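Colleague: Quick one: this structure, given as structure tokens, is what I'll be asking you about.
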Amino acid sequence: MKPAEIAPDEVAWHARSGEETCSALATSLDGLGHDEAARRLERFGPNELPPAARTHPVLRFLAQFNNALIYFLLSAAVAAIALGHVIDGVVIVVVVLVNAVVGFIQEGKAERALDAIRDMIAPHAVVVREGERHTLDTREIVPGDIVVIEAGDKVPADLRLLRARGLSADEAILTGESVPAEKTEGPVAPDAVLGDRAPILHSGTLVTTGQGIGVAVATGPRTEIGRISGMIGAVQTLTTPLLRQINAFGTRFTWFAIATAALLFVFATLIRGYAPLDALMVVVALAVGVVPEGLPAVITITLAIGVRRMAARNAVVRRLPAVETLGATSVICSDKTGTLTRNEMTVRHLVTAASVTAISGTGYAPEGEFSGPDGTEPAPEAEREALIRAGLLCNDALLVEREGHWAVLGDPMEGALVAAAAKAGLHPETERTSWNRLDEIPFDAQHRFMATLHDDPQGERRIFVKGAPERVLAMCGTQAAGGTALPLDPGYWQECIDACAAGGERVLGFAGMAAGPGVERLDFDMVEGGLTFLGLAGFIDPPRDEAIAAVAECRSAGIAIKMITGDHKGTAAAIARQLDIADDPKVLEGAALDGMPDETLHRVVEEVSVFARATPEHKLRIVNALQANGHIVAMTGDGVNDAPAVKQADVGVAMGRKGTEAAKEAAQMVLLDDNFASIVAAVHEGRTVYDNIRKVIGWTLPSNGGEVLCVILAIILGVTLPMTPVQILWINMILTVTLGLVLAFEPPEPDVMNRPPRPRDAPILSRFLVWRIGFVSVLFMLGVFGIFAYAGMRGYGIEGARTMVVNTLVVMEIFYLFNVRYLHRSSFSLIGAMGTPAVLGAIAVVVAAQVLFTYAPFMHDLFDSAPIDLADGLVIVVVGVALMAILEIEKTLTRRFAL
Numbered sequence: 027m028k029p030a031e032i033a034p035d036e037v038a039w040h041a042r043s044g045e046e047t048c049s050a051l052a053t054s055l056d057g058l059g060h061d062e063a064a065r066r067l068e069r070f071g072p073n074e075l076p077p078a079a080r081t082h083p084v085l086r087f088l089a090q091f092n093n094a095l096i097y098f099l100l101s102a103a104v105a106a107i108a109l110g111h112v113i114d115g116v117v118i119v120v121v122v123l124v125n126a127v128v129g130f131i132q133e134g135k136a137e138r139a140l141d142a143i144r145d146m147i148a149p150h151a152v153v154v155r156e157g158e159r160h161t162l163d164t165r166e167i168v169p170g171d172i173v174v175i176e177a178g179d180k181v182p183a184d185l186r187l188l189r190a191r192g193l194s195a196d197e198a199i200l201t202g203e204s205v206p207a208e209k210t211e212g213p214v215a216p217d218a219v220l221g222d223r224a225p226i227l228h229s230g231t232l233v234t235t236g237q238g239i240g241v242a243v244a245t246g247p248r249t250e251i252g253r254i255s256g257m258i259g260a261v262q263t264l265t266t267p268l269l270r271q272i273n274a275f276g277t278r279f280t281w282f283a284i285a286t287a288a289l290l291f292v293f294a295t296l297i298r299g300y301a302p303l304d305a306l307m308v309v310v311a312l313a314v315g316v317v318p319e320g321l322p323a324v325i326t327i328t329l330a331i332g333v334r335r336m337a338a339r340n341a342v343v344r345r346l347p348a349v350e351t352l353g354a355t356s357v358i359c360s361d362k363t364g365t366l367t368r369n370e371m372t373v374r375h376l377v378t379a380a381s382v383t384a385i386s387g388t389g390y391a392p393e394g395e396f397s398g399p400d401g402t403e404p405a406p407e408a409e410r411e412a413l414i415r416a417g418l419l420c421n422d423a424l425l426v427e428r429e430g431h432w433a434v435l436g437d438p439m440e441g442a443l444v445a446a447a448a449k450a451g452l453h454p455e456t457e458r459t460s461w462n463r464l465d466e467i468p469f470d471a472q473h474r475f476m477a478t479l480h481d482d483p484q485g486e487r488r489i490f491v492k493g494a495p496e497r498v499l500a501m502c503g504t505q506a507a508g509g510t511a512l513p514l515d516p517g518y519w520q521e522c523i524d525a526c527a528a529g530g531e532r533v534l535g536f537a538g539m540a541a542g543p544g545v546e547r548l549d550f551d552m553v554e555g556g557l558t559f560l561g562l563a564g565f566i567d568p569p570r571d572e573a574i575a576a577v578a579e580c581r582s583a584g585i586a587i588k589m590i591t592g593d594h595k596g597t598a599a600a601i602a603r604q605l606d607i608a609d610d611p612k613v614l615e616g617a618a619l620d621g622m623p624d625e626t627l628h629r630v631v632e633e634v635s636v637f638a639r640a641t642p643e644h645k646l647r648i649v650n651a652l653q654a655n656g657h658i659v660a661m662t663g664d665g666v667n668d669a670p671a672v673k674q675a676d677v678g679v680a681m682g683r684k685g686t687e688a689a690k691e692a693a694q695m696v697l698l699d700d701n702f703a704s705i706v707a708a709v710h711e712g713r714t715v716y717d718n719i720r721k722v723i724g725w726t727l728p729s730n731g732g733e734v735l736c737v738i739l740a741i742i743l744g745v746t747l748p749m750t751p752v753q754i755l756w757i758n759m760i761l762t763v764t765l766g767l768v769l770a771f772e773p774p775e776p777d778v779m780n781r782p783p784r785p786r787d788a789p790i791l792s793r794f795l796v797w798r799i800g801f802v803s804v805l806f807m808l809g810v811f812g813i814f815a816y817a818g819m820r821g822y823g824i825e826g827a828r829t830m831v832v833n834t835l836v837v838m839e840i841f842y843l844f845n846v847r848y849l850h851r852s853s854f855s856l857i858g859a860m861g862t863p864a865v866l867g868a869i870a871v872v873v874a875a876q877v878l879f880t881y882a883p884f885m886h887d888l889f890d891s892a893p894i895d896l897a898d899g900l901v902i903v904v905v906g907v908a909l910m911a912i913l914e915i916e917k918t919l920t921r922r923f924a925l
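Residue numbers for the sequence shown, in my numbering: 27 to 925.
Okay, here's the thing in structure tokens:
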């Protein structure tokens, strides 16, 4: 039967044996050929679910109006039209529409950016094709593909297991069972319910323990989860805590504005004798002046730009709130291997009971020499050869050469062992064929070793074990020496471990034993004792150059670094000193945390910089303790057991290359290059985003505040309004879609990483911002009434005077923009004066719009404006310069006296 003729829903794959399944799908353990896989991909389609239903563009556009601030504005427009001020009402509606269009377009761009980012972290799987393992995008998997699965993987398709070792899977998304289901190879009854189908791994579930090999029997919409794809989460929304905070502020602000408007209406009619219709138009003026209608859209755009910038620096944000949180991170808990270090392991030393041998070479290239302590070629040694062979056979890695560069497929330390074997003259493939592997116990963070069972070339069976040296030593009773097995000398081996670790080397221990001819499968009891210790391998993995610079940047930014590693204490300390993560980095082993009370741990986590031999449970306790101390914690993780700590952290960070799908799903951010420097770059961008949001708020609200104060003061003093409602709206519209947007694109300030992190509970409106908003609002009001009085003295009519007021407000906003671009330093500098291309472009648009407003006849008809003399225009510019000078003095004083 051809595979194309089989419809997955017609076959009870769980009731068939593995051999029957492979036969039905025309495949084998060597996998499909590349050409056949391509044909099946064309026939069955990509292995992906149909895209989640999206909100219709019309509904998304209408959603832009679902805001209390907008309701308030539209009510003002209706009131203006009802009172016969049709032009005023229409202009208000047009401005609301412009804001809606801008928000609609930018939200669409943000969604597309998030889609692109989701593609960047698309899951991958290890697939066997033509007898070789390949790492493929899961979308390329087809029925009949042989897929290799291990703990932490997200199952890429519905798989019929051909081989399972200690395998279990979390199937809660399908069955609702909170306990992982054990998986085995044998068939079950055809009518078995979903949760009892032991030989099937379902797409989308997570492998919690063990290893397995399976054949893909269904892909894409034909999988079990594909049939119920409505359960899959929809596209992530663009709502974040900050946006919710702003929207809540807008709602409260609207009710406050309504109350203020009502009081002002009563005051104007009863105290000042305004006619009700005139008083209502004053209220309309207040409404359009007080509402920062473009603020939520600009903040959304700022966040989306931050996400894009982070992605360009290899930090992919999966959840938008992480953008806000990153800027406040005060502690980064990082793994060592591959994150702070290069993750290009090299075996530097081999230690047996009789000798210590150094190996030259770097990376995974099988090129290097063996030398003894005196630098000469060492004498042949059976124990060293057995140690090297154990490292090669108890190993799943492959070395491949691509364009002259050697890379590892698999674990970096295992790749280094393969390279060491090649340097010793062993041919990896030949050895693995001669020593046929029969079974294995895969490495797991809980038991900390891997074991394999082999037929040797003489037909006898042997077991090899590799793992953490302390763990392997505990499983041994003897050691290989002089061609025989002698009693184990733990003191000697501990000295050797300490010596390697002191040099920054990571250490693995190796052991072996003979197995009886009838042994077919390995179990834990079989290897827990009676092994013969073969020796140690010391690996070097130097710190990344960029990680050293990134750690220094963190320290200058007041961010503490905590290295949490499974490595030996000495190794971790050596790397910590090379990285300079603290002046005198203190090291604590994870075992010391086991019985430590929480109160003591809260103190210890502040003092200790390196946690060695740490388990995933230790990581979770460390994160909880740091958070209890008030820190905002970023936590890296790559394994399935790291997921709880990654999820608990304020910013969970998963490794994009070596990380499991479980860790990625728990994380808020994924590093595409597994590089610590990318975390620091993301923190840098997070601080920039937060600064830019504060600049947007600090620039927007004083503009509205100045307009409102002008209206209120005019009513209280009983003088003519210096601006009409439609003119206020013109100012808000022309500035929001130009100058308001450019602050979202602002580059980081030079000292962004020289400031301590902001406190966890710091409000977005800090004491300085509240003061600044009030102070600038008053300056704007004084400038408006000053120019209004000046225009009267110059003989302008009411239209000309109001035109000067509108131009003055716009000019003051432009100069204030240059001031607010630098919240933490003076804006009087060449860089500050030059501005960015976005700033200069926006100013050019605003100036052109104001020229039209002032001199174009059709604008005179729409806005009751009038032309003014060029000399008076220069006076307006002088007012702007004076405003900036005052604000620079104020900025200097507040900075100096820490106000």
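Note that beta-carbon positions come from the ideal geometry of N, C-alpha and C, so glycine has one too.
Values in this document were obtained by computation on a predicted structure and should not be read as measured data.
Check whether the Cβ of Pro454 lies closer than 7 Å to any Cβ atom in chain B.
Modeller: In the structure shown, chain B does not exist; there is a single protein chain.
Colleague: Whose CA, out of Phe884, Ser891 and Ser855, lies closest to the CA of Ala911?
Modeller: Nearest option by C-alpha distance: Ser855.
Colleague: For Gln237, which residues from the same chain have a beta carbon less than 6 Å from its beta carbon, with the 5 sequence-adjacent residues on both sides left out?
Modeller: Closer than 6 Å at the Cβ level, and outside the excluded window around Gln237, lie Glu176, Arg191 and Pro468.
Colleague: Report the rounded CA-to-CA distance for His82 versus Ile824, giving the unit in angstroms.
Modeller: Going by the C-alpha atoms only, they are around 47 Å apart.
Colleague: Report buried or exposed for Leu878, applying the criterion of at least 16 other Cβ atoms within 10 angstroms of its Cβ.
Modeller: So Leu878 counts as exposed.
Colleague: Does the Cβ of Pro748 have 16 or more other Cβ atoms within 10 Å, making it buried, or fewer, making it exposed?
Modeller: Buried, because 16 or more other Cβ atoms sit within 10 Å of the Cβ of Pro748.
Colleague: Going along the chain, which unbroken runs of the alpha helix (DSSP H) with 4 or more residues stay wholly within the region 790-872?
Modeller: Complete alpha helix (DSSP H) runs here, min 4: 793-819, 824-846 and 856-860.
Colleague: For a minimum of 4 consecutive residues, which ranges assigned as the alpha helix (DSSP H) are wholly contained in the region 39-122?
Modeller: You should have 44-50, 60-70, 83-89 and 94-108.
Colleague: Give me, in chain order, the residues of the same chain whose beta-carbon lies closer than 6 Å to that of Arg683; leave out the 5 immediate sequence neighbours on both sides.
Modeller: Same-chain partners within the cutoff: Asp700.
Colleague: Cutting at 8 Å between CB atoms, please list the residues of its own chain near Phe565, excluding the five before and the five after it.
Modeller: Within the same chain, Phe565 has close Cβ partners Met371, Thr372, Val373, Arg374, Met439, Ala442, Glu531, Arg532, Val533 and Leu534.
Colleague: Distance check for Tyr881 and Gly899, CA to CA, integer angstroms please.
Modeller: Going by the C-alpha atoms only, they are around 12 Å apart.
Colleague: Does the Cβ-Cβ distance between Gly732 and Phe806 come in under 7 Å?
Modeller: The answer is yes: Cβ separation under 7 Å.
Colleague: When DSSP builds the beta bridges, which residues end up paired with Cys359?
Modeller: Partner(s): Lys588 and Met661.
Colleague: For Asp61, which option in Val168, Ile118 and Tyr390 has the closest C-alpha, if you only look at C-alpha atoms?
Modeller: Measuring from the Cα of Asp61, the nearest candidate turns out to be Val168.
Colleague: List the residues that DSSP assigns as beta-bridge partners of Asn369.
Modeller: According to DSSP, Asn369 bridges with nothing at all.
Colleague: According to the neighbour-count rule (16 or more other Cβ atoms, all chains shown, within 10 Å of its Cβ), is Pro302 buried or exposed?
Modeller: Counting Cβ neighbours within 10 Å, Pro302 comes out exposed, since fewer than 16 surround it.
Colleague: With DSSP as the reference, label Ser729 as helix, strand or coil.
Modeller: Helix, per DSSP.
Colleague: Go through its chain and collect everything with a Cβ distance to Met838's Cβ below 7 Å, but skip five positions before and after it.
Modeller: Correct list, in chain order: Phe806, Gly809, Val905, Gly906 and Leu909.
Colleague: Go through its chain and collect everything with a Cβ distance to Glu633's Cβ below 7 Å, but skip five positions before and after it.
Modeller: Within the same chain, Glu633 has close Cβ partners Lys612.
Colleague: In angstroms with no decimal places, state the Cα-to-Cα distance between Phe404 and Phe396.
Modeller: At residue 404 the sequence reads Pro, which differs from the Phe that was named. If you take the alpha carbons of Pro404 and Phe396, they lie about 7 Å apart.
Colleague: Assign Ile251 to one of three DSSP states: helix, strand, or coil.
Modeller: Of the three classes helix, strand and coil, the one that applies to Ile251 here is helix, per DSSP.
Colleague: With DSSP as the reference, label Lys721 as helix, strand or coil.
Modeller: Correct three-state label for Lys721: helix.
Colleague: In the structure shown, what three-state DSSP assignment does Pro206 receive?
Modeller: In this structure, Pro206 counts as coil in the three-state DSSP scheme.
Colleague: Quick check: what's the CA-CA separation for Ala575 versus Tyr842?
Modeller: Approximately 36 Å, taken between the alpha carbons.
Colleague: Can you tell me the Cβ-Cβ gap for Ala207 and Gly230, rounded? I've got them flagged as a contact below 8 Å.
Modeller: Their Cβ separation, rounded to whole angstroms, is 14 Å, which puts Ala207 and Gly230 out of contact at 8 Å.
Colleague: Output the boundary residues of the alpha helix (DSSP H) element that contains Glu647.
Modeller: Here residue 647 is Arg; the residue named in the question, Glu, does not match the sequence. Its alpha helix (DSSP H) spans residues Pro642 to Ala654.
Colleague: Let's see if you can read the secondary structure: which residues bound the alpha helix (DSSP H) around Thr918?
Modeller: Unbroken alpha helix (DSSP H) run through Thr918: Leu896 to Arg922.
Colleague: Might you give, ordered along the chain, the residues of its own chain that have their beta carbon closer than 7 Å to the beta carbon of Thr263, omitting 5 neighbours on each side?
Modeller: In this predicted model, Thr263 has a pLDDT of only 43, less than 50, meaning its place in the structure is not dependable; the value taken from the coordinates is given anyway. Answer for Thr263: no residue qualifies.
Colleague: Please report how far the alpha carbon of Leu296 lies from the alpha carbon of Val309, in whole angstroms.
Modeller: So the alpha carbons of these two residues sit roughly 14 Å apart.
Colleague: Taking 7 Å as the limit between beta carbons, can you name the residues of its chain near Val545, skipping five residues before and five after?
Modeller: Result list for Val545: Leu479 and Arg487, in chain order.
Colleague: Bridge partners for Asp481 per DSSP, in chain order?
Modeller: Asp481 pairs with Asn462 and Arg487.
Colleague: Leaving out five residues before and five after Trp39 in sequence, what residues of the same chain have Cβ atoms less than 7 Å from its Cβ?
Modeller: Closer than 7 Å at Cβ, skipping near neighbours: Thr47, Arg186, Ile226 and Val243.
Colleague: Tell me whether Val377 sits in a helix, a strand or coil according to DSSP, three-state version.
Modeller: Val377 falls in the strand class under three-state DSSP.
Colleague: How big is the Cα-Cα spacing for Val152 and Val696?
Modeller: Cα to Cα, Val152 sits roughly 20 Å from Val696.
Colleague: Are Leu557 and Ala537 close, meaning C-beta to C-beta below 7 Å?
Modeller: A contact, by the Cβ cut-off of 7 Å.
Colleague: Note down, in chain order, each residue of its chain lying with its Cβ closer than 7 Å to the Cβ of Gly818, except the 5 sequence neighbours on either side.
Modeller: Closer than 7 Å at the Cβ level, and outside the excluded window around Gly818, lie Ala827.
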